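Peer 1:
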Amino acid sequence: MKNRKIFITIGVIVAMILAVWYFTRPAKNTSIVIEAPVKKGLFIISVTTTGELEAKSSEKIFGPSPTSLRDARIWQLKIDDIIPDGSIVDSGDYVAQLDRTELTNKLKDQQIEIEQFENNFIKTQLDTTMDLRTARNDLVNLRYAMEEAQIAVDQSIYEPPATQRQAQIELDRAQRSYDQAVRNYSLRYEKAVANMSEVSTALRKRQTEYEKFLLLSKEFNIRAPKAGMVIYQRDWDGKKRGVGATISSWENVVATLPNLREMITKTYVNEVDISKVKVGQSVEIGVDAFPEKKFTGQVIEVANIGEQLRNSNAKVFEVKIEVNEFDSIVRPAMTTKNIIITDQINDVMYVPLEAIHNLDSIQYVFTGNKRQQVIPGKSNENEIIIRAGLVPEDKVRLVPPDNPEGFRLSMLSEDQMKRLQDDDKKAEEAAAEAAAEREKERQEMMLQRQQSAPGQQGGAALRPGQGQRSGQRQSGGGQRRN
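Residue numbers (my numbering): 57 to 538.
1) Report the partner residues of V375 according to the DSSP bridge assignment.
2) I'd like the span of the alpha helix (DSSP H) that includes Q539, first residue to last.
3) Grouping DSSP H, G and I as helix and E and B as strand, with all else coil, what is E215?
4) Of the choices L313, E381, A370 and G119, whose alpha-carbon is the least far from that of S113?
5) Give the single residue among R221, V339, A311 and V310 whose Cα lies nearest to the Cα of T323.
6) Consult DSSP for E340 and reduce its assignment to one of helix, strand or coil.
7) Give me whichever residues DSSP pairs with R279 in a beta bridge.
8) Alpha helix (DSSP H) containing R126: first to last residue?
9) Would you report the Cα separation of I225 and R192, rounded to the nearest angstrom?
10) Quick one: Cα of I73 to Cα of V421, how far?
11) To which residues of the same chain is Q263 closer than 7 Å at the C-beta, ignoring the five residues directly before and after it?
12) Is it true that the region 125 to 133 meets the region 351 to 369, where meeting means three or more beta-carbon pairs spaced less than 8 Å apart?
13) Enumerated in chain order, which unbroken segments of the beta strand (DSSP E) with a length of 3 residues or greater are wholly contained in the region 241 to 290?
14) In the DSSP assignment, what are the bridge partners of V94?
15) Going by beta carbon distance, what residues of the same chain come within less than 6 Å of D344, once the five residues before and after it are set aside?
16) If you count every other CB in all the chains shown that lies within 10 Å of the CB of M202, and 16 or more means buried, which is it?
17) Grouping DSSP H, G and I as helix and E and B as strand, with all else coil, what is D228?
18) Going by DSSP, which residues form a beta bridge with F118?
19) Tell me where the beta strand (DSSP E) around V447 begins and ends.
20) With a cut-off of 8 Å, do at least 3 Cβ pairs link the region 396 to 407 to the region 92 to 104?
21) Taking just the CA atoms, how far does P456 sit from F463?
22) Specify the secondary structure class of K164 as computed by DSSP and reduced to three states.
23) Using 8 Å as the threshold, is the region 463 to 474 in touch with the region 489 to 500, meaning 3 or more CB pairs across them?
24) Measuring CB to CB, does Q429 end up less than 8 Å from M467?
25) Do I442 and V89 count as a contact pair if the criterion is CB distance below 8 Å?
26) Which two residues bound the contiguous beta strand (DSSP E) that contains R366?
27) What did DSSP end up calling D183 once you bin it into helix, strand or coil?
28) In the DSSP assignment, what residue or residues form a beta bridge with S435?
29) In this structure, how does DSSP classify I73 when only helix, strand and coil are distinguished?
30) Looking at I135 and R260, is the spacing between their C-beta atoms short of 8 Å?
31) Thinking E108 and A283 are a contact (beta carbons under 8 Å), I'd like their distance in whole angstroms, please.
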């Protein structure tokens with residue numbers, strides 16, 4: 057019994073010792089240490105975008121003449137048929153066929169009008185002929201009557217004076233009637249000529265319009281002006297003008313023949329990054345269709361006004377990039393990946409973004425067995441410049457340890473902070489001087505443009521009365537010269 061109590065006591069003591077050991081044993085370090093070396097060298101800051109290739113310049117394939125369409129009162133035309141997008145054509149080859157329905161109806165109406173005007177012309181011609189023939193017959197009869205009156209006068213010389221006088225009066229009356237008829241015939245003739253000219257002009261006008269419509273009908277068959285690759289024209293909403301699309305009398309481009317030796321890629325940059333993008337910056341270009349192909353380019357245009365893309369709330373700015381190299385395999389509308397190099401800084405230290413941590417206003421990294429305060433600089437999508445706090449031989453942790461408070465925080469010295477402040481001040485002064493120089497150049501350019509403007513815009517800047525006084529002085533000077 058006594059031995060049993062001893063064994064129980066020993067067992068309880070052992071159990072207590074094991075329990076104390078279990079709960080007070082040191083925790084197993086399960087944190088993963090992932091380190092990255094501090095790099096030093098060229099630091100590249102870029103903006104990555106997606107774009108679309110298009111020709112820098114192209115020749116447009118036009119539909120019928122806008123003037124002819126407006127004269128025919130045709131405002132829109134449907135594309136009945138067009139060759140596939142990207143087809144290779146030679147000069148004069150068939151490209152597209154436009155819907156002739158509206159023009160055909162107008163041609164039929166013109167034919168009916170021409171027939172009506174031809175009938176009117178013939179009717180007027182017949183009426184005029186009959187009228188002038190009647191007038192000529194009347195003239196002949198009046199001339200005969202006048203001759204008969206003259207004979208009566210000649211025969212009345214042996215008659216009494218009253219009879220002679222009566223015969224003379226009849227002769228005068230016949231002469232007057234004849235002269236009046238001659239004048240009336242002249243007026244009738246002029247009127248007939250005018251009537252014929254009017255109906256003839258109207259007929260020729262309709263015939264000319266009909267001929268123009270026939271020539272316009274030939275323009276509905278679209279052919280290539282030169283050899284090249286046919287690319288469909290895009291509407292304002294970005295849709296291609298294929299079969300069933302319409303062109304208008306004020307925008308009658310059916311397709312284009314791009315110059316494939318000079319390509320650009322059009323892309324859109326988010327409003328957050330647009331301030332970094334400038335004309336002249338270098339670009340690395342990749343084509344999604346040919347991942348192995350790499351090209352270089354240069355920013356040639358940055359939009360001043362932003363826009364909102366469809367199905368997106370983000371504001372973007374259009375940027376055009378010229379492709380430096382030529383390759384026959386690339387085609388318009390291919391998707392590109394563009395890396396715009398916005399800045400390159402030589403001989404600087406940089407670390408991954410994940411290595412930077414914050415403690416209130418202090419930024420630090422885990423290196424060795426301490427937390428080292430650092431002063432970061434510019435950053436790109438993956439890395440950030442370290443202006444002070446590290447050396448190239450250091451390594452930084454990418455994943456913070458489980459007990460960050462156990463790492464001593466090492467602060468930068470006052471001398472280091474002062475040097476950085478001095479550097480910042482010098483950089484700000486240099487930037488201000490550069491901005492002032494650019495503003496001065498801009499003002500000089502504006503002044504030169506104003507001085508070269510014709511007539512100084514009519515003297516719009518003259519003070520009230522100044523132009524009048526100047527004119528008076530000029531007038532007085534002119535009088536003195538006279």
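Where is the CB? At the ideal position from N, CA and C, for every residue including glycine. Owing to the predicted nature of the structure, the values given are computational and were not obtained by experimental measurement.
Peer 2: Based on what the coordinates show:
1) Per DSSP, T323 and V358.
2) Past the boundaries of the shown model lies residue 539; the chain is included only from 57 to 538, so the question cannot be answered.
3) Note: E215 maps to coil in three-state DSSP.
4) If we check each option's Cα against that of S113, L313 comes out closest.
5) Distances from the alpha-carbon of T323 to those of R221, V339, A311 and V310 put V339 closest.
6) It is a strand residue.
7) DSSP lists Y150 as partners of R279.
8) Where R126 is concerned, the enclosing alpha helix (DSSP H) starts and stops at P122 to D127.
9) In a straight line, the C-alpha of I225 is about 25 Å away from that of R192.
10) Cα-Cα distance, rounded: 42 Å.
11) Answer for Q263: I170, listed in chain order.
12) Touching, no.
13) If we require 3 residues or more, the beta strand (DSSP E) runs fully inside the region 241 to 290 come out as 277 to 279.
14) Looking at the DSSP assignment, V94 forms no beta bridge with any residue, so it has no partner.
15) So the list reads T391, once near-sequence residues are dropped.
16) So M202 counts as buried.
17) Reduced to three states, the DSSP call for D228 is helix.
18) Paired residues: V309.
19) Counted as a single uninterrupted DSSP element, the stretch harbouring V447 is not any beta strand (DSSP E), since DSSP gives it neither H nor E.
20) Taking 8 Å as the limit for Cβ pairs, the verdict is that the region 92 to 104 does touch the region 396 to 407.
21) Cα to Cα, F463 sits roughly 10 Å from P456.
22) K164: helix per DSSP, three-state reduction.
23) When C-beta atoms of the region 463 to 474 are compared with those of the region 489 to 500, fewer than three pairs fall below 8 Å, so the two segments do not count as touching.
24) In this structure, M467 lies closer than 8 Å to Q429 by Cβ.
25) No. Outside cutoff.
26) Counting along the chain, R366 falls outside any beta strand (DSSP E), and DSSP gives it neither H nor E.
27) If DSSP states are grouped into helix, strand and coil, D183 belongs with the helices.
28) The partner list for S435 (beta bridge, DSSP) reads I440.
29) I73: helix per DSSP, three-state reduction.
30) No, Cβ-Cβ distance for R260 and I135 is not below 8 Å.
31) For a cut-off of 8 Å, the C-beta gap from E108 to A283 is around 24 Å, too long to register as a contact.
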